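Protein chains in written order, with this note's numbering: chain A, 585 to 1199; chain B, 21 to 144.
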């Protein structure tokens, strides 16, 4: 029997898990410092004399508050100005500030020195810990790992995860998505390789929510549609619960823990750390019991130990109803993207700790009344399990006829004249993929073409994430439309983008500067898809208007090029030139002109051109 | 005027705007994807994986073309209320559409040849 040299790591928001395929089955690698079986808390404590990672770091929440850093997956690949970053700051016990590039960093005091750490550095420390855990269990230090990321991570977030792995000294042969890993685990572990059926994976974890529709066809696991939110998870439930408890404490004792920004004293921060510690326990207890109590003395020193407040499950459910309903709405939307109804789904797989909440199970039961919700795979370990199987397959240890095809959550493309989005790789396309599109010059004697590369879903680029720019120069001069350039976008197995431009045998390659992407405050996939739905009607009209405006500009270019090259008489030429100047001026001065006005200008040009056989 | 109101003609136009327009779009996408792979920008292994998937999609495309031909074949041109002139128009329309689908099938064959050739080149 053999052991895979590549391990699988589920790098989670709250907990991380490592697993390996050994002696014919997957083994979760145990962390002896953790009380929760194989999981390691994704938490780092920067102390005066030590660096603690995992469970020991969580124990420093109160004594080393401000230097204990966690939840970094919610920040990775994001800009400081991102809306969601602002939302989460409320109950974090560490400070957050922007660096000179506008990226979020955490100021900490480590070994007596004041410095800042980036989310990638914290994730790298967690990954190093996972390597340590694996080394202890396997006897050799692993150098390669298949790491999982949320299905809804954008390009910058995926790249930042790869950077963190590099800092931890890990080579990543493949980055796979968490729900895909869970589906892979289910298919392999439950021996469901034969036959064709559709699964829905509902992955409600600590920091992210993913929902995917998967088709399994004789061992071929293919992602059909992806949905979710990278900022929706158990942590949001914790924040709501913290609000609820803080309100009760205020009603009981007149101490307001929510006023932390006004009163940033050491005591308040320490009390807040104690509150967040209590919240986790309350949430877990309320998944099994109808009510629980919190002793006020456990949170605020000056209050009596015996004073307690009661928290009921109903209160928690009421406070978090909008979060639960949102996951159901996203599930419905993903089914719609996959062109399926709930009855088409054979199994609903539940993954992630937040799926233990009774209200979540009730709402899912209502959506899938004919299906049993499948909780047979371990909610905490399923993702790492799938990653380990994939790792062993890459290593050649598993020979089973099972394959994984992932999909891209956003469309990728470029802007055309008029800022319309020209889609090259559509959303939900299987990866790896490479697509080549041809673009023609839009102006006379144009010698360079400049492409902005975007990820988005709307027909206009205004609200899409700009990933970078590539330009090709020294094009042969000529009439507009006479020269063309081929633009290829390729997504590798990890969903990482490469851009190539070809002209007359010359090729240019673009490396995306993800730091720059973050500076521009990249929008989350969830935000972009919501906006795309909301503005679908007006976007369509705006795109038609912009395309028409481009048509007018193309006609003007053609006339401008041909006016001197055709055999017009002097008077005809003067008449044509006059009309050309008049419309060109109108075009330049009326960027926001309506569709009808543009059409009228085109018509007036067409009439005169037809008379002179010009265009 | 009759052409705009004739049920058979309307049915043929429906096939043209629905099924055949969608086939044109798919043919364009398949070509862009093959051209992307021909660029050699993915690793050999990933190119091979993508070529296999493309092969499956090409087979589906060819089946859709065949289904479109069957749909066109099933359109009844002998309506009792249809004038002889209109029947001729409908016949011509159907002929044009059949030729379009056959052109798409030829396009498919060319793409499949290129795909197989690329697959052979990459595996050697």
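In this text, a Cβ means the ideal position worked out from N, Cα and C, and glycines have one as well. Just so we're clear, the structure is a prediction, and the values are computed from it rather than from any experiment.
* To do: Indicate whether the contact test is met: 3 or more Cβ pairs, each with one atom in the segment 592-610 of chain A and one in the segment 967-986 of chain A, closer than 8 angstroms.
  => yes
* Asked: What's the gap between the Cα of residue 770 of chain A and the Cα of residue 965 of chain A?
  -> 11 angstroms
* Asked: Just to confirm, are residue 829 of chain A and residue 893 of chain A a CB contact at a threshold of 8 angstroms?
  -> yes
* To do: Note down, in chain order, every chain B residue with its Cβ under 7 angstroms from the Cβ of residue 764 of chain A.
  => Going along chain B, no residue has its Cβ under 7 angstroms from residue 764 of chain A, so there is no contact; the nearest lies around 15 angstroms.
* Asked: Quick one: is residue 1125 of chain A buried, meaning 16 or more other Cβ sit within 10 Å of its Cβ, or exposed?
  -> exposed
* Asked: What span of residues does the beta strand (DSSP E) with residue 110 of chain B cover, start to end?
  -> Looking at the DSSP string, residue 110 of chain B is not in any beta strand (DSSP E); the run it does join, the alpha helix (DSSP H), is 104-143.
* To do: State the Cα-Cα distance for the pair residue 786 of chain A and residue 45 of chain B, rounded to the nearest angstrom.
  => 33 angstroms
* To do: For residue 757 of chain A, go through chain B and note every residue whose CB falls closer than 9 angstroms to its CB, in chain order.
  => By Cβ distance, chain B contributes nothing, its closest Cβ being about 11 angstroms from residue 757 of chain A, past 9 angstroms.
* Asked: Helix, strand or coil: how does DSSP classify residue 1180 of chain A here?
  -> helix
* Give a yes or no on whether 8 angstroms exceeds the smallest Cβ distance from residue 1018 of chain A to chain B. => yes
* Which residues share a DSSP beta bridge with residue 873 of chain A? -> Beta-bridge pairing links residue 873 of chain A to no other residue.
* To do: Could you tell me how far apart the beta carbons of residue 695 of chain A and residue 814 of chain A are, in whole angstroms, since I believe they sit closer than 8 angstroms?
  => Contact flag wrong, Cβ pair sits at about 33 angstroms.
* Does residue 1036 of chain A have its Cβ less than 8 angstroms from a Cβ in chain B? -> no
* **Neighbour flag for residue 55 of chain B against chain A, beta carbons, 8 angstroms** => yes
* To do: Can you give me the Cβ contacts of residue 118 of chain B inside the same chain, cut-off strictly under 7 angstroms, excluding the 5 residues immediately before and after it?
  => 89, 92
* **Below-8 angstroms beta-carbon distance, residue 43 of chain B vs any chain A residue** => no
* Asked: Short check: CB of residue 601 of chain A to CB of residue 706 of chain A, under 8 angstroms?
  -> no
* Contacts around residue 1029 of chain A, its chain only, beta-carbon distance under 6 angstroms, and the 5 residues preceding and following it disregarded -> 1061
* Asked: Quick one: which chain A residues come within Cβ less than 8 angstroms of residue 73 of chain B?
  -> 989, 1014
* Residue span of the beta strand (DSSP E) that contains residue 649 of chain A, given as start and end -> Here residue 649 of chain A belongs to no beta strand (DSSP E), and DSSP marks it neither H nor E.
* In chain A, what lies closer than 7 angstroms to residue 99 of chain B by C-beta? -> Those within 7 angstroms of residue 99 of chain B in chain A number zero; the least Cβ separation is about 35 angstroms.
* Asked: Taking C-alpha atoms, which residue in A:622, A:700, A:865, A:776 lies nearest to residue 714 of chain A?
  -> A:622
* For residue 634 of chain A versus residue 625 of chain A, is the C-beta spacing smaller than 8 angstroms? -> no
* Asked: Is DSSP giving residue 815 of chain A helix, strand or coil here?
  -> coil
* To do: Could you confirm whether any beta carbon from chain A is found closer than 8 angstroms to the beta carbon of residue 59 of chain B?
  => yes
* May I have the straight-line CA-CA distance separating residue 592 of chain A from residue 699 of chain A, to the nearest angstrom? => 32 angstroms
* **Bridge partners - residue 1040 of chain A, DSSP secondary structure assignment** => A:995
* **Pairwise C-alpha distance: residue 941 of chain A and residue 899 of chain A** => 13 angstroms
* Unbroken alpha helix (DSSP H) runs of length 4 or more, entirely within the segment 620-700 of chain A: which are they? -> 639-642, 667-672
* Rounded separation between residue 802 of chain A and residue 778 of chain A - CA only -> 4 angstroms
* To do: Look at the alpha carbon of residue 1079 of chain A and the alpha carbon of residue 1087 of chain A, and state the distance between them as a whole number of angstroms.
  => 26 angstroms
* Decide if residue 953 of chain A is buried, meaning its Cβ has at least 16 other Cβ atoms within 10 Å, or exposed. => exposed
* Asked: Closer than 8 angstroms, CB to CB, is residue 66 of chain B near chain A or not?
  -> yes
* Tell me, please, whether the CB atom of residue 62 of chain B is closer than 8 angstroms to any CB atom in chain A? => yes
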